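Peer 1: Take any residue in the sequence shown, note its place counting from 1, add 27, and you have its number in our numbering.
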Amino acid sequence: MAALGAEPLRLQLAPAAAPQPSLLALSSGPSLPPNRGLERALEEAAGSGTLSLSGRKLKEFPRTAANYDLTDTVHADLSKNRLMDVPHEVVHLVSLETLNLYHNCIRSIPDGVISLQSLTALNISRNQLSVLPACVCGLPLRVLNASNNKLNALPESIGQLSSLMELDVSCNEITALPRHIGRLRALRELNVRRNLICVLPEDLADLPLVKFDFSCNKVSTIPVCYRKMSRLQSLQLENNPLQSPPAQICIKGKVHIFKYLSLEACRGDKMPDALYLPGPDGGWEFQKKRQCILERARLEAQLACQQYARHMAHEVKPAEPNVPV
28 MAALGAEPLR LQLAPAAAPQ PSLLALSSGP SLPPNRGLER ALEEAAGSGT LSLSGRKLKE
88 FPRTAANYDL TDTVHADLSK NRLMDVPHEV VHLVSLETLN LYHNCIRSIP DGVISLQSLT
148 ALNISRNQLS VLPACVCGLP LRVLNASNNK LNALPESIGQ LSSLMELDVS CNEITALPRH
208 IGRLRALREL NVRRNLICVL PEDLADLPLV KFDFSCNKVS TIPVCYRKMS RLQSLQLENN
268 PLQSPPAQIC IKGKVHIFKY LSLEACRGDK MPDALYLPGP DGGWEFQKKR QCILERARLE
328 AQLACQQYAR HMAHEVKPAE PNVPV
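1) What residue does the beta strand (DSSP E) around Lys238 start on, and which one ends it?
2) Under a three-way DSSP split, which group does Ala68 fall into?
3) Out of Glu193, Asn127, Glu291, state which residue places its alpha-carbon closest to the alpha-carbon of Lys107.
4) Could you tell me the distance, in whole angstroms, from the CA atom of Leu288 to the CA atom of Arg109?
5) Among the residues of its own chain, which have a CB less than 8 Å from the CB of Leu143, if the five just before and after it don't count?
6) In whole angstroms, what separates the C-alpha of Asp233 from that of Leu69?
7) Let me check one thing: in DSSP terms, what residues is Glu193 bridge-paired to?
8) Does the distance from the CB of His207 to the CB of Ile224 come in under 8 Å?
9) Quick check on Cys293: buried or exposed, where buried means 16 or more other Cβ atoms within 10 Å of its Cβ?
10) Taking only the alpha-carbon atoms, compute the straight-line gap between Asn267 and Leu97 and give it to the nearest angstrom.
11) Is any heavy atom of the ligand FMN found at a distance shorter than 7 Å from the C-beta of Gly82?
12) When you compare only the Cα positions, how much space is there between Leu178 and Leu85?
13) Can you tell me where the beta strand (DSSP E) holding His102 begins and where it ends?
14) Measuring CA to CA, which of Ile201, Thr202, Leu211, Ala180 is closest to Glu193?
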């Protein structure tokens with residue numbers, strides 16, 4: 028097992044253009060003072076559209092909530108409680124845009140959440156989920172945080188989340204990513220850290236990822252097609268048994284990793300199947316034609332590698348030292 032060193036590999040370039048809904052903003056907001064009454068919180072929610080019930084040791088939704096009009100609630104924070112289920116009262120808050128259920132004891136998500144058709148951010152991290160139901164994939168989510176659960180797989184229907192920009196399923200027991208994850212055409216940030224993933228899907232290369240964290244898994248090979256990830260700014264891959272690229276390449280950073288992948292792609296270019304089929308004119312003409320095509324392909328691959336190497340050398344060119352006047 029190849030080790031990448033004690034220091035974590037964190038490759039940070041320029042920040043992404045426009046800030047989007049943050050997973051951190053949904054994760055652990057400040058708890059309300061314990062002496063603040065539920066009634067006051069519910070009353071404020073009815074007026075402001077923001078329901079803040081974090082850190083109240085709740086095992087169920089407050090029964091007195093029926094005395095208040097919460098139908099226009101847009102943001103609901105029920106984090107750091109003792110909820111065993113998603114309260115049915117929450118499912119009926121059809122105007123919800125953000126829902127924070129971080130750090131409860133929730134074991135399942137009811138099908139009724141499909142009624143939350145305004146929900147763009149869901150934090151269900153640090154619970155007891157073993158399954159992420161398909162109904163979640165029918166929501167207009169832009170941010171989904173399901174980290175620190177007991178998930179061993181993601182539903183194939185996750186590809187339906189066409190607006191999803193951030194997906195965090197770190198610290199679970201996922202063994203493979205679904206094929207349809209390649210349909211998440213809006214995805215900018217993907218965190219699958221600390222799972223049991225052995226193979227990275229090639230379809231991820233077509234996504235506009237800016238941040239990608241697959242550290243602490245069982246990945247041995249980075250697909251050569253990942254060299255196409257031109258928007259990638261942050262790549263974290265430490266603590267994997269990587270063989271291709273080897274560890275000594277990975278510790279040098281993203282530029283060297285992508286250069287290695289590009290060179291591997293040049294070496295591994297496959298010839299068309301027609302090259303291995305004899306023509307009607309016999310073997311000699313076939314061999315001559317095959318050699319010409321092979322030579323042309325070799326030259327094209329060599330040229331592509333040279334162009335890429337020049338591009339990379341220009342990218343990492345050191346800045347000129349300041350000369351005092």
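Glycine included, C-beta positions come from ideal geometry on N, C-alpha and C. Treat the numbers as computed from the prediction; the structure is a model and nothing was measured.
Peer 2: In brief:
1) 238 to 240
2) helix
3) With distances taken between Cα atoms, Lys107 lies closest to Asn127.
4) Each residue's alpha carbon lies about 48 Å from the other.
5) Closer than 8 Å at the Cβ level, and outside the excluded window around Leu143, lie Val118, Leu120, Val121, Leu123, Leu126, Leu166.
6) 45 Å
7) Val170, Glu216
8) no
9) Counting other Cβ atoms within 10 Å of its Cβ, Cys293 reaches 16 or more and is therefore classed as buried.
10) Answer to the nearest angstrom: the Cα atoms are 48 Å apart.
11) Looking for the ligand FMN in the displayed structure turns up nothing, as the structure carries no ligands at all.
12) 24 Å
13) 102 to 104
14) Leu211
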